[in-house]
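Peer 1: Below are the C-alpha cells for one structure; questions will follow.
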Amino acid sequence: MKCDDIKALYDGFKSEMLTANESSAVSEHLAGCTDCNDYYFENKKLARLLDNWDEISPQSNYVSKFWNRVDEQELNKNKGFIGLFKGIKTAFLVPSLAIALFCSLLIVNMYRTTNIDPQVSEEDERDNRLLLEVNDIISQEGSESLKIYGLWNDLEEEPKEG
Numbered sequence: 006m007k008c009d010d011i012k013a014l015y016d017g018f019k020s021e022m023l024t025a026n027e028s029s030a031v032s033e034h035l036a037g038c039t040d041c042n043d044y045y046f047e048n049k050k051l052a053r054l055l056d057n058w059d060e061i062s063p064q065s066n067y068v069s070k071f072w073n074r075v076d077e078q079e080l081n082k083n084k085g086f087i088g089l090f091k092g093i094k095t096a097f098l099v100p101s102l103a104i105a106l107f108c109s110l111l112i113v114n115m116y117r118t119t120n121i122d123p124q125v126s127e128e129d130e131r132d133n134r135l136l137l138e139v140n141d142i143i144s145q146e147g148s149e150s151l152k153i154y155g156l157w158n159d160l161e162e163e164p165k166e167g
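Below, the structure is given as C-alpha cells:
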C-alpha cells in the first residue's frame, strides 16, 4: 500500500474499525515506513493531549451576552448606506418615484425626434428654388461667377518673392 492509502485508513486503524487484512497491511506498512510511523506516533500524541484537555465551561451569563452581541451587530449592520433609507416611509417614497418617472418621461419626449413631416411654407419653397437656381448657375459657370466678390482675385495672383 502507498503512504496516502495508509493515512486514509489511519482513523479506522486507530479506532479498530478495519478488517483484519486491512489492519495487518497498515501494521506492516508502519513497521517498514518511517514517515508513516512518525505520522502515526504524532497523531497518537495529539490524541493523548486532547484527551487530557480540561473541558472549558462557559460563564453563567454567556448565552445572554451572546444574544445581546447579536442584537448590537444587527443594529450596527443597518448603519451603512442602506441603513439611511430604513426610516423612509412608503407614503413618501411612492409619490417621489412617480414624480421622478414623470420628469424622466417628459425629458425623453422633449428630446425625441418625431417622424412627422415638417410644415413647409410657400416662402420656404421659393427660397429653396432660388438656392437651386444659384447652385445651377455657379456649377455651369464654374468659379468665374464668384470673382465678383473679390476674394478669388487675390488667390490667382502669385505671391511676390522679396
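Residue numbers (the numbering used here): 6 to 167. For each residue, glycine too, the CB sits at the ideal point set by N, CA and C.
1) According to DSSP, is Q78 part of a helix, a strand, or is it coil?
2) What is the rounded straight-line gap between the Cα of D56 and the Cα of N81?
3) Please classify I142: is it buried, with 16 or more other beta-carbons within 10 angstroms of its beta-carbon, or exposed?
4) Taking the alpha carbon of D9 as the reference point, which residue from A25, C41, R134 and S32 has its own alpha carbon closest?
5) Have a look at W58 and D43 and give me their C-alpha separation to the nearest angstrom.
6) Verify whether the separation of the beta carbon atoms of L23 and L35 is less than 8 Å.
7) Three-state secondary structure (DSSP) at L135?
8) DSSP on P63, reduced to helix/strand/coil?
9) Exposed or buried, Y45, counting other C-beta atoms within 10 Å across all chains shown (16 or more means buried)?
10) Where Y116 and L110 are concerned, what is the direct C-alpha to C-alpha distance, given to the nearest angstrom?
11) Measure the Cβ-Cβ separation of S29 and F18 and say whether it is below 8 Å.
12) Rounded to whole angstroms, what is the Cα-Cα separation between K12 and L54?
13) Under three-state DSSP, which class holds S20?
Peer 2: Taking the definition as stated:
1) Three-state DSSP puts Q78 in a helix.
2) 41 Å
3) exposed
4) Selection A25, C41, R134 and S32 evaluated against D9 yields C41 as nearest (Cα-Cα).
5) 23 Å
6) Contact: no.
7) helix
8) In this structure, DSSP gives P63 a state outside helix and strand, which the three-state scheme calls coil.
9) buried
10) About 10 Å.
11) no
12) 20 Å
13) coil
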